[in-house]
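Read left to right, the sequence shown gives residues 1 to 223 (full-length UniProt numbering).
Positions of the beta carbon are idealized from the N, C-alpha and C atoms, including for glycine.
Computed from a predicted structure; not experimentally measured.
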Amino acid sequence: MKILIIEDELALSKTIEEFLRTENYLVETAQDYNSGLEKALTYDYDCILLDIMLPGGSGLDILKELKNQHKKQPVIILSAKDSVEDKVLGLEIGADDYLAKPFHLAELLARVKSIIRRNARDGEQLLQYKNVTVDPDNRLVLVDGKEMTLNRKEYDLFYYFILRPNKLMEKTSLIESVWGDHTDQADNLDFIYSQIKNIRKKLKEAQADMDLQAVYGVGYKLV
């Protein structure tokens, strides 16, 4: 699961980033309006943590652009401005929740988990597809009730697919979903092929009623 933090307070942004990474989230950051808007419109995130006061513009304008572009990405506003007017305006524009600074990281995590559940899985605690069940909170994959062991990257990729069954995913999207801001550190595409190969093998061994199908020259889809 991937989260974007748009926050100009570097110390706070770093603290949130490190905390969420320990919870096995893939985290990207932006420190100003322009870079935040570009990432929010270009990539897909499971949740965006958005400050209102940003260098170069307002976080509320980023919300407006997401709405105008029909980008349905869950947004939690993080702001020191705790007035009722700001909260109501943010929620009216399209934010899913509002958290006033300072806040406890445990509360932030609870809000993030709740919003991801509500938006990505229509409020269901578990994700079910054919004979496979995924428990995102505990990062568990069950096939006919038996756990299928996946390493961290394998789980992240599989979760990305199972949220989008039968949808063709391009290799570039898959790479970005795994590596995020560090995509340029990957020398080639072999690591994606290796992860896909391992997942396919484990699905077959577990007798899952699904497979990752390669579409030559384009990418893969879960069928």
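Item	Value
Tell me the DSSP secondary structure of Ile77 in three-state form.	strand
To test your reading of the DSSP string, which unbroken beta strand (DSSP E) runs of 3 or more residues are found completely within the segment 133-184?	140-143
Could you check which residue in Leu174, Gly219, Val132, Tyr220 has the C-alpha nearest to that of Lys202?	Val132
With DSSP as the reference, label Gly94 as helix, strand or coil.	coil
In chain order, what residues of the same chain have a beta carbon less than 7 Å from the beta carbon of residue 228, not counting five sequence neighbours either side?	The requested residue 228 is not part of the displayed model; the chain covers only 1 to 223.
By the DSSP assignment, the beta strand (DSSP E) with Lys221 in it spans what residues?	219-222
May I ask you to report which of helix, strand or coil DSSP gives Glu7?	coil
Is it the case that the CB of Leu126 approaches a heavy atom of the ligand HEM more closely than 8 Å?	Ligands in the displayed structure: none, and consequently the ligand HEM is not present.
Mind checking whether Gly94 and Leu63 have CB atoms under 9 Å apart?	yes
If we ignore side chains and look at the alpha-carbon of each, how far apart do Ile16 and Ile115 end up?	17 Å
Is the separation between the beta-carbon of Met1 and that of Tyr159 shorter than 9 Å?	yes
Roughly how many whole angstroms lie between the Cα atoms of Val88 and Gly219?	42 Å
With DSSP as the reference, please indicate the residues paired to Glu28 in a beta bridge.	Leu4
According to DSSP, is Leu108 part of a helix, a strand, or is it coil?	helix
Just confirm the distance between the C-beta atoms of Ile6 and Leu66, as a whole number of angstroms; I'd bet it's less than 8 Å.	Between Leu66 and Ile6 the Cβ distance is about 11 Å, and since that is not below 8 Å, they are no contact.
For Leu50, which beta-bridge partners are listed by DSSP?	Ile6, Ile77
When we look at the beta-carbon of Pro74 and count the other beta-carbons within 10 Å, is it buried (16 or more) or exposed?	buried
On the three-state DSSP scale, how would you describe Glu214?	Looking at the sequence shown, residue 214 is not Glu but Ala. Ala214 falls in the strand class under three-state DSSP.
If you follow the beta strand (DSSP E) that Tyr129 is in, where does it begin and where does it stop?	127-129
Per DSSP, Ser58 is paired with what?	Met53
If you follow the alpha helix (DSSP H) that Lys201 is in, where does it begin and where does it stop?	190-205
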